[in-house]
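> For the sequence shown, the numbering used here begins at 8 and goes up steadily by one.
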Amino acid sequence: MLRNVNIWTNLDWVTVILYLILIFMGWANIYSAVFSEEHQNIFDLSQRYGKQLLWIVAALFLAFSFFTIDSRFYSEFAFVFYGLIILLLLAVLVFGTKINGARSWFEVGSFRIQPAEFAKFATGLALAKFLSNYNKQIHAPINLIKIASIVLLPAVLISFQPDTGSALVYMIFIFVLYREGLSGRFLMTAFLLGALFVLALTISFTMIIIIIVIGTLLFYSFQQQQFKDGIIVLISISFLTLVLFGVKYFFDYTWEFHHILGTATIISAFFALLWALRYNLHKIYFFALILLLSVPYIYSSEYLFNNVLREHQQKRVNILLGKEKDVYGAGYNVNQSKIAIGSGGAFGKGFLRGTQTKYNFVPEQATDFIFCTVGEEWGFAGSTLVIFIFLVLMLRLIFLAERQRNPFSRIYGYAVVAILFFHFAINIGMTIGAVPIIGIPLPFFSYGGSSLWAFTILLFIFIRLDATRMELL
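1. Here's the rule: buried if 16 or more other CB atoms are within 10 angstroms of the residue's CB, otherwise exposed. What is Trp15?
2. Does Pro112 come out as helix, strand or coil in the three-state DSSP assignment?
3. Which runs of the beta strand (DSSP E) at least 3 residues long sit entirely within the region 136-184? Give them in chain order.
4. Tell me, which residues are paired with Thr104 by DSSP?
5. With a Cβ-Cβ cutoff of 8 Å, do Phe378 and Val176 count as a contact?
6. In or out: Trp20 buried (at least 16 other Cβ within 10 Å) or exposed?
7. Report buried or exposed for Gly188, applying the criterion of at least 16 other Cβ atoms within 10 angstroms of its Cβ.
8. In terms of residues, what are the limits of the beta strand (DSSP E) holding Phe118?
9. Do Val23 and Ile470 have their CB atoms nearer than 8 Å?
10. So, are the CB atoms of Ala425 and Ile179 less than 8 Å apart?
11. Three or more C-beta pairs under 8 Å: does that hold for the region 39-59 against the region 121-140?
12. Work out the CA separation of Thr463 and Phe31 for me, nearest whole Å.
13. Got a sec, what are the start and stop residues for the alpha helix (DSSP H) Ile24 sits in?
14. Using 8 Å as the Cβ pair cut-off and three pairs as the minimum, do the region 99-112 and the region 131-141 touch?
15. Whose C-beta lies closer than 7 Å to the C-beta of Ser78 among residues of the same chain, with five residues either side of it excluded?
16. Using beta-carbon positions only, say whether Gly481 and Phe451 come within less than 8 Å of one another.
17. Is Ile394 helix, strand or coil by DSSP?
18. Mapping DSSP to helix, strand and coil, what is Phe229?
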């Protein structure tokens, strides 16, 4: 049964006030980041802070517009939103303007818009619509394939632009799925794949294979019989390694040791898998399957790193992992960023007094590295305050998501939290050198109309859904 509710009475003003605080704090920091004596007027439309004010006014209009639309519209037309954004992502690959090596923008005169930013809320709506219809069957293979398709299609199209940073955002939807009942094994698998990828870039393949073999053996060998079976697999790997060494010696093949060990592991794992299937040995089945899949994944990680990531992205990852030092090249941005934040001390240098940002030592200081201005001028105290406000906003959104009466609103709410958290954590992580630089904005802070509008729409759709949560009785 439906009943009419007053959306303005039920509007969550706490979330709205936090949103307003963040966008105006962002505007002040953009002004400080690009301030010059020749253009001191904060309303100067020829400067970035003047343009940002226009984006803010437009964002407030969008917030009002999306809040006043009937909440059922978002559920009914979720897949329409998604389909339109997919068409835009396809169109930008053909008709888009290429900027900084990426064809990500539509440009009309001096106006630019980036479809990838809006794809996030559209994907959140589509995922919420699908999961709200199939919530009880989330583990069914066909539904998992459909869910993966909804999430990965925009990510793949965005990666073709190429815009690796925006494409990586879609990984965070796995936490939405986890809230809706996806097994924790999927999260653990995703974490282990990431850890394995990093290991493949930092230590030798031989050591990784040995770690995998011993680790999986210990993990799946809780019972004596499985431990004995695991030891048999380990002996098989060792025996095949010796055989392949003999082949290498007698026929003078130029095989590397990790190729020999990897081949022996794959062969042994394959026969162990057949053995497990034949005698219904569940523990050995998983042990063999992990070995069979992990070794090719290790080798493919190097290929992906060398052939998918662009050269400057490879350097940034290598610098983060400590394999390279290039403070005047690929590592310049993050090095200057850390200097700027560190120079702020406890309470900062004061508004408009940041020397690192004033003299343009920090590249992209109004966009991807806007947090440097916060750190330099507001210091540790100001940075903590900004982080605290973001955390309060996200915790508030989790609270709102949990009080929803229908699955669609709850799922979309968690999608909002996941997207904001990814941007928040990765952007700040970039500025302090904790994660590689992948070029994504800090929500509501970074300069740019597309990101501000997209985050505003993302947020206010959920605020509208929350305002009408009492409609269903």
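Built from N, CA and C at the ideal position, the CB exists for glycine as well.
None of these values were measured; they are calculated from a predicted model.
Let's see:
1. Translated into the one-based positions of the sequence shown, residue 15 becomes position 8. Exposed, by the Cβ-count rule.
2. The residue labelled residue 112 in the question sits at position 105 within the sequence shown. It should be pointed out that residue 112 corresponds to Trp in this sequence rather than to Pro. In the three-state reduction of the DSSP assignment, Trp112 falls in the strand class, which pools E and B.
3. none
4. If you number the sequence shown from 1, residue 104 lands on position 97. DSSP output for Thr104 lists Trp112 as bridge partner(s).
5. Residue numbering aside, residue 378 sits at position 371 when the sequence shown is read from its first letter. Residue numbering aside, residue 176 sits at position 169 when the sequence shown is read from its first letter. No, the pair does not count as a contact, with Cβ atoms beyond the cut-off.
6. As a position in the sequence shown, residue 20 is number 13, starting the count at 1. With fewer than 16 Cβ atoms within 10 Å of its Cβ, Trp20 is classed as exposed.
7. In the sequence shown, the residue the question calls residue 188 occupies position 181. Result: exposed.
8. Translated into positions along the sequence shown, residue 118 becomes position 111. Unbroken beta strand (DSSP E) run through Phe118: Phe118 to Ile120.
9. Counting from one through the sequence shown, the residue named residue 23 turns up at place 16. Counting from one through the sequence shown, the residue named residue 470 turns up at place 463. In contact: Val23 and Ile470 (Cβ atoms closer than 8 Å).
10. The residue you call residue 425 lines up with position 418 of the sequence shown. The residue you call residue 179 lines up with position 172 of the sequence shown. Going by C-beta atoms, Ala425 is nearer than 8 Å to Ile179.
11. Touching, no, given that fewer than three Cβ pairs across the two stretches are closer than 8 Å.
12. Against the sequence shown, residue 31 aligns to sequence position 24. Against the sequence shown, residue 463 aligns to sequence position 456. Answer to the nearest angstrom: the Cα atoms are 13 Å apart.
13. The residue you call residue 24 lines up with position 17 of the sequence shown. Per DSSP, Ile24 belongs to the alpha helix (DSSP H) from Trp20 to Ala40.
14. Verdict: no, contact absent.
15. In the sequence shown, the residue the question calls residue 78 occupies position 71. Arg471, Leu472 and Thr475.
16. This structure cannot speak to residue 481, because the chain is shown only from 8 to 480.
17. The sequence position of residue 394 within the sequence shown is 387, counting from 1. In this structure, Ile394 counts as helix in the three-state DSSP scheme.
18. What you label residue 229 is simply residue 222 of the sequence shown in a count that begins at 1. Legend: pLDDT at Phe229 = 49, less than 50; position of this residue unreliable, value from coordinates given subsequently. In this structure, Phe229 counts as coil in the three-state DSSP scheme.
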